[in-house]
């Protein structure tokens, strides 16, 4: 692994007594797309704005290629940013917008012309060079914003919710375009989004944040398969969380009565949280020996690829399971029916009271 | 039965709507009439032949327009008015634009007080401001023996008091509606703060600045009550010279003067309109 290109160390931002960002450490490799993901107010945008230099850090450092950027004003950071609102200059043409950064750098005119042509070609807007932003569609404005940031050949490309103002059907296409350009140019990029699908689609690695702190950093697969805590498990892929008391190594007693027969065997005991993904568990008969817990069906909705089944566990905890559809042959569950829920040890995630994942010692035969 | 009742109800509703529509159109027509009548009447009277304004006139003539030249006072007064208004407008932009930026963009101690202070001249009657400035200037003249009454300096500074609030109001309204991230984008692309101001913020404020220029100019040009205290013989603004003329003579000449003044201002506005679309700014 090469040394980090962009390094964020202990970055903290306090507004009065409360901290919007707490002690964030991140390493971004050269040419990598790192996506900051999290619910609104989690500090991801503040982090990005500190990297861009619009928000002053209360503590911590931002290093680029080993040099400290922390105290530098935005205009000396050599970072190209794409804003959520696009923030195009309304009084300049597309060409004026795209060349603004080049003119600020006082590049020679032929060089500016060449880069303008090259950048517009990249985003397929050559024909629009003399138009004003208000004469363009949302998607075109977005591409101008991207071209403007790319034209300066930034050391880091910053993307603040770049897709949120686009129509749903345009989003995937633009996401792929941005990703293609970023890869082709070998650009290091930092993107912020609240949309899990967007993040999954664009990222080399993801950073999941909540309440100002980093919850987990990793690839899509790492976050999905090995969530670091219950928050990650629920945010990425909507795991069902079931709280209980771990006893006898493989039995999770539910607080309101009843118990779950765990697939793994755990050394620890005490209060625990079980995470089960809707698509990683299956329904079976209530008396089926594979059933790890029995539940009552409350609702079943056919959504195409699967039937979304809402069930209540013995203590009242509600869980959602995805029951695969198979051409309409399978019997549909009905509300009020009793059912068993089964899963394999590989699908089971258990977290202790502090939220740390517990490792199963050995699978207990079902 | 119920169907018939419903349809008659609908008919009544329809009648009410058209009645309301007629009322609205009537009010609009009345408004336009009220605004247009003074100008139309002035234009009409300026063409009367008689030296005394009587109705109906014995005939029509354009000779009053030619006679304006016999009263160079009006020409001088128009010159003074244009000069004072232009200087007051420039001055109020120089004060008002930075003040608006500070009021909208920065949170500093005394911001609320400054805001009230800058807008307060609008709430004080012009006569009171004029009299106060007159007393101050006279006291200063006595103390320093520098002649001040009737000087451009005093007139322009006094006019700043009534033009600056307009500039600030219009520019603040304009600034509040601007997306700050556009300025951040400029900084991100390598523009220093002053470059951001010059290349991005001010161009984006253009509509507000043009509107402010217009209002400042008009407010200054037409002011009588405050200016009345600060003029001197030979240093009179046009509205005041018209007032003075009316004190001992009422003939169509004043109407001709007012029409000439209106045409001069309209000409200036048309000239301005070539560079900025005023219609877009006012609406």
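Residue numbers (this note's numbering), protein chains in the order written: chain A, 1 to 366; chain B, 367 to 649. Where is the CB? At the ideal position from N, CA and C, for every residue including glycine.
is_contact[residue i, chain B] using C-beta, thresh 8 Å
i, result
"residue 85 (chain A)", "yes"
"residue 112 (chain A)", "no"
"residue 200 (chain A)", "no"
"residue 74 (chain A)", "yes"
"residue 16 (chain A)", "no"
"residue 101 (chain A)", "yes"
"residue 333 (chain A)", "no"
"residue 360 (chain A)", "no"
"residue 90 (chain A)", "yes"
"residue 152 (chain A)", "yes"
"residue 1 (chain A)", "Low confidence applies to residue 1 (chain A): its pLDDT is 46, below 50, so where it sits in the model is not reliable, and the reading given next is rough at best. Output row for residue 1 (chain A): interface = no."
"residue 209 (chain A)", "no"
"residue 191 (chain A)", "no"
"residue 122 (chain A)", "no"
"residue 134 (chain A)", "no"
"residue 339 (chain A)", "no"
Buried or exposed by the 16-neighbour rule on C-beta atoms within 10 Å, applied to residue i
i, result
"residue 15 (chain A)", "exposed"
"residue 564 (chain B)", "exposed"
"residue 474 (chain B)", "exposed"
"residue 354 (chain A)", "exposed"
"residue 219 (chain A)", "exposed"
"residue 391 (chain B)", "exposed"
"residue 281 (chain A)", "buried"
"residue 98 (chain A)", "buried"
Within-8 Å CB hit, residue i to chain A
i, result
"residue 456 (chain B)", "no"
"residue 570 (chain B)", "yes"
"residue 554 (chain B)", "yes"
"residue 617 (chain B)", "no"
"residue 558 (chain B)", "yes"
"residue 576 (chain B)", "no"
"residue 522 (chain B)", "no"
"residue 539 (chain B)", "no"
"residue 632 (chain B)", "no"
"residue 566 (chain B)", "yes"
"residue 367 (chain B)", "Residue confidence for residue 367 (chain B) is low, a pLDDT of 43 falling below 50, so the modelled location carries little weight; the figure read from the coordinates is stated next. It does not: the Cβ of residue 367 (chain B) has no partner Cβ on chain A nearer than 8 Å."
"residue 548 (chain B)", "yes"
"residue 416 (chain B)", "no"
"residue 621 (chain B)", "no"
"residue 545 (chain B)", "yes"
Residues bridged to residue i [DSSP beta-bridge criterion]
i, result
"residue 302 (chain A)", "A:307"
"residue 377 (chain A)", "Limits of chain A in this structure are 1 at one end and 366 at the other, which puts residue 377 (chain A) out of reach."
"residue 601 (chain B)", "B:598"
"residue 284 (chain A)", "A:340"
"residue 589 (chain B)", "According to DSSP, residue 589 (chain B) bridges with nothing at all."
"residue 289 (chain A)", "Per DSSP, none; premise fails for residue 289 (chain A)."
"residue 13 (chain A)", "A:21"
Residue i CB to nearest heavy atom of the ligand PLP below 7 Å
i, result
"residue 148 (chain A)", "Only the bare structure without any ligand can be found here, which leaves the ligand PLP out of the picture."
Segment limits, beta strand (DSSP E) that includes residue i
i, result
"residue 191 (chain A)", "188 to 193"
"residue 240 (chain A)", "240 to 247"
"residue 18 (chain A)", "18 to 28"
"residue 35 (chain A)", "33 to 37"
"residue 260 (chain A)", "259 to 261"
"residue 230 (chain A)", "Counting along the chain, residue 230 (chain A) falls outside any beta strand (DSSP E), though it belongs to the alpha helix (DSSP H) covering 230 to 235."
"residue 274 (chain A)", "270 to 276"
Extent of the continuous alpha helix (DSSP H) to which residue i belongs
i, result
"residue 201 (chain A)", "196 to 202"
"residue 442 (chain B)", "438 to 471"
"residue 112 (chain A)", "109 to 122"
"residue 531 (chain B)", "518 to 542"
"residue 360 (chain A)", "Unbroken run through residue 360 (chain A): none, as it is neither H nor E."
"residue 674 (chain B)", "This structure cannot settle anything about residue 674 (chain B), because the visible part of chain B is limited to 367 through 649."
"residue 252 (chain A)", "Run containing residue 252 (chain A): none in the alpha helix (DSSP H); it sits in the beta strand (DSSP E), 251 to 253."
Residue j beta carbon less than 8 Å from that of residue i
i, j, result
"residue 128 (chain A)", "residue 142 (chain A)", "no"
"residue 376 (chain A)", "residue 303 (chain A)", "Summary: the structure shown does not reach residue 376 (chain A), with chain A confined to residues 1 through 366, and so no result is reported for it."
"residue 208 (chain A)", "residue 215 (chain A)", "yes"
"residue 562 (chain B)", "residue 462 (chain B)", "no"
"residue 81 (chain A)", "residue 551 (chain B)", "yes"
"residue 299 (chain A)", "residue 335 (chain A)", "yes"
"residue 156 (chain A)", "residue 94 (chain A)", "no"
"residue 311 (chain A)", "residue 321 (chain A)", "yes"
"residue 36 (chain A)", "residue 192 (chain A)", "yes"
"residue 57 (chain A)", "residue 43 (chain A)", "no"
"residue 119 (chain A)", "residue 87 (chain A)", "no"
"residue 342 (chain A)", "residue 290 (chain A)", "yes"
"residue 620 (chain B)", "residue 612 (chain B)", "yes"
Within-8 Å CB hit, residue i to chain C
i, result
"residue 639 (chain B)", "This model lacks chain C altogether, as its protein chains are A and B."
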